[in-house]
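Below is one structure, written out as structure tokens; comments come after it.
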Amino acid sequence: MLALMATLAAIAIAPERSSEPVGISEAERVAAARAAGFRLRGDVIANGCDEVAEMISFERHDLDRDGTGEIVVSDGGACYGAAGAMFVVLRKVGGTWRPILSAQGIMSILPSSHGGWRDIEIGGPGFGKIPVARWNGAKYVL
């Protein structure tokens, strides 16, 4: 019984992530990857080190709670220094995805907010004091 409870608790704490982004079309993923600074070579997405972005992921988060989600593109690997990870938050403006925050590190959405937008913590190994990005009315700033 204890083993079953531990398993259920682990599932609740760390839900399984699908490899396919929920609610993000293939066309949106391509546009988001480009807007985040990745390059497309045929069916392959390349990162800033001109390597295949094998760990790239796309997630939708409604950071301003307007019912229209922003897209977060994240990737990991040696290309991103000691943090080993990066992310770009994109907002759709006039039909085009535009970056509103780009950082090396691991993104955590906080319950606090500024200007109606959720604050974002940028973590990673060796960061010391963990920076928090806040909305300034046009983009996220540290």
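Letter 98 of the sequence shown, counting from 1, is numbered 718 in our numbering, and no numbers are missing.
Glycine included, each C-beta is placed from N, C-alpha and C at the ideal position.
Everything numeric in this text was worked out from a predicted model, so none of it was measured.
- Query: How about Glu679 and Val692: are their beta carbons less than 8 Å apart?
  - Reply: yes
- Task: Go ahead and pull the three-state DSSP assignment for Glu648.
- Result: helix
- Query: How big is the Cα-Cα spacing for Pro641 and Gly725?
  - Reply: Any reading at Pro641 must be qualified, since the residue scores a pLDDT of 43, below 50, and its modelled position is unreliable; the value itself is stated next. So the two alpha carbons sit approximately 21 Å from each other.
- Message: Applying the 10 Å Cβ sphere with the 16-neighbour rule, what's the burial state of Asp686?
- Response: Label assigned to Asp686: exposed.
- Message: Measuring only the C-alpha atoms, how far is Val752 from Thr716?
- Response: 26 Å
- Cα separation between Ala698 and Ser645? 28 Å
- Gly736 by DSSP, collapsed to three states: which one? coil
- Message: Once the 5 residues before and after Asp670 are set aside, which same chain residues still bring their CB inside 8 Å of it?
- Response: Arg659
- Option in Leu730, His681, His734, Ser677 with minimal Cα separation from Ala705: Ser677
- Message: If you reduce the DSSP assignment to three classes, tell me which class Arg685 lands in.
- Response: coil
- Which of the three DSSP states, helix, strand or coil, is assigned to Ile633? The predicted position of Ile633 is uncertain, since its pLDDT is 34 and thus under 50; a value taken from the coordinates is nonetheless stated next. When secondary structure is reduced to three states using DSSP, Ile633 falls in the helix class.
- Item | C-beta atoms of Arg738 and Leu730 nearer than 8 Å | Yes, they are a contact pair.
- Item | Close-in-space but distant-in-sequence residues of the same chain around Val672 (CB under 8 Å, 5 per side omitted) | Closer than 8 Å at the Cβ level, and outside the excluded window around Val672, lie Val664, Ile665, Ala666.
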